Each structure stands twice: as structure tokens, then as C-alpha cells.
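What follows is one structure encoded as C-alpha cells, with my remarks underneath.
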Amino acid sequence: MLSLVDDTILIKIAEALGEDKEEAVKLVEILKNSDEITDDEIANKTGIRLNDVRKILYKLYDHSLVRLRRTRDPRTGWFIFHWKLQPNQLEGFILNQKRRVLEKLNARLEYEKNHDFYYCYTPGCKRIPFEEAVELLFKCPTCGKPLMHYDNSKIINALTKKIEQLRKELGE
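The opening residue of the sequence shown carries number 377 in my numbering; numbering runs sequentially from there.
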């Protein structure tokens, strides 16, 4: 069976991948406690609609977290899908997710470094890049207040620290 850490991580992944978190967690619990199981059996045990079971299973399959074996029903000729959890793929999934986050953080850092921002300092209003602020004659499009220069150095520092942390975790 899975270790406690793997178990906790698996539940978090199920929550992240499932549109309905409770359903995804129920499904993963059934998979975790079964050697191999069909989507029909999962639907019957959990009370989740078969289509929803399949959606969640295919999301897990797309990330190689479950394995699929297909057989043909000799009576009907229809395919039967047998699913099995692959907990040994958790580490790879997590590393891939971290790489994706790292890419997004790097893109955001470049955006922050390459733009000058203006802001009216009113809660709920957004920062505006210089090019757009010029077009708006330095007036906030939301509240109409004057836009003033916004120092984004704290954002740049926070992004840089998070990027360094992720690179260390990924061994880069």
C-alpha cells in the first residue's frame, strides 16, 4: 500500500485534477484499495455517475497516475476498461508540475522586469503597463483617479526567490 506521504500527495493531486474534488477523492480511495477495477465497479461503489468516473480516470491517465488494461466482453463485444493506480508515478507527476510552474514564473518575472507599471492605489483596481497608461492619459479606467508609478521590485524579488527555490528542488 501507499506510504502516508504518498497517500496525502495522491489525495491532493486528485483534488487538483477533479472538477468535483469530493468525487475525485472518493474515486482515488477506491483505486488505492483495489488491485485492478473497472469504471463500472468504481461508479457502483462510489455512487458517482459513470461519465464523471471516466472523466476523472482519463485525467489521471493523462498524467500516467493510473494504468489502463482493455479487454473485450465475450457476450456483448464491448470493451471493458480495467484501471489500476500507479503510485510510483507520483514523483514524476510532481516534478512535471514543478517544471510547468517554473516556466510560468520565469515568464511572469520577465514580464515584470520588462514593464513599467502605473496604479491609482485604489483597492480593486489593476496595475496598468506604461504603454496602456499613456493611451489612458494616466487616468484609471476603473475609478478615474490619476495613475502613479508603481514600484514592482517586491514582486520581482518574490518571483526570483520562488524561482530559486523551485530550481533547487528540481536540482537545476
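Beta carbons: idealized from backbone N, C-alpha and C, even for Gly.
Fair warning: this is a prediction, and the values are worked out from it, not measured in the lab.
Residue i and residue j closer than 8 angstroms at C-beta
i: Leu535; j: Leu481; result: yes
i: Gln386; j: Val404; result: The identity of residue 386 in the sequence shown is Leu, whereas the question assumes Gln. Yes.
i: Phe514; j: Tyr495; result: no
i: Arg475; j: Leu407; result: no
i: Ile504; j: Leu485; result: no
i: Leu542; j: Leu441; result: no
Terminal residues of the beta strand (DSSP E) in which residue i lies
i: Ile334; result: Because the chain here runs from 377 to 548, residue 334 falls outside it and cannot be looked at.
i: Tyr495; result: Phe493 to Tyr495
i: Phe469; result: Counting along the chain, Phe469 falls outside any beta strand (DSSP E), though it belongs to the alpha helix (DSSP H) covering Leu466 to Lys489.
i: Phe455; result: Phe455 to Leu461
i: His525; result: Met524 to Tyr526
i: Thr498; result: Here Thr498 belongs to no beta strand (DSSP E), and DSSP marks it neither H nor E.
i: Arg503; result: Arg503 -> no beta strand (DSSP E), and no H or E assigned at all.
Straight-line Cα distance separating residue j from residue i
i: Lys388; j: Val429; result: 17 angstroms
i: Lys538; j: Pro450; result: 55 angstroms
i: Glu391; j: Val510; result: 43 angstroms
i: Ser529; j: Gly423; result: 51 angstroms
i: Lys402; j: Asp411; result: 16 angstroms
i: Ile531; j: Asp492; result: 13 angstroms
i: Val381; j: Glu507; result: Only weak support exists for where Val381 lies, its pLDDT of 47 falling under 50; the value from the coordinates is given anyway. For Val381 and Glu507, the distance between alpha carbons rounds to 48 angstroms.
Span of the alpha helix (DSSP H) around residue i
i: Arg543; result: Ser529 to Leu546
i: Leu407; result: Lys397 to Lys408
i: Phe514; result: Where Phe514 is concerned, there is no enclosing alpha helix (DSSP H), given that its DSSP letter is neither H nor E.
beta-carbon residue i near the ligand FAD non-hydrogen atom, thresh 7 angstroms
i: Leu444; result: The ligand FAD is not part of this structure, which contains no ligands at all.
Rounded Cβ spacing between residue i and residue j (contact assumed at less than 8 angstroms)
i: Arg443; j: Gln462; result: 5 angstroms
i: Leu436; j: Leu393; result: 6 angstroms
query: Can we say the stretch 512-520 touches the stretch 467-480, given the rule of at least three CB pairs closer than 8 angstroms?
result: Contact between the stretch 512-520 and the stretch 467-480 is not established, with fewer than three Cβ pairs separated by less than 8 angstroms.
Cβ pair count under 8 angstroms reaching 3, the stretch 410-424 against the stretch 445-462: yes
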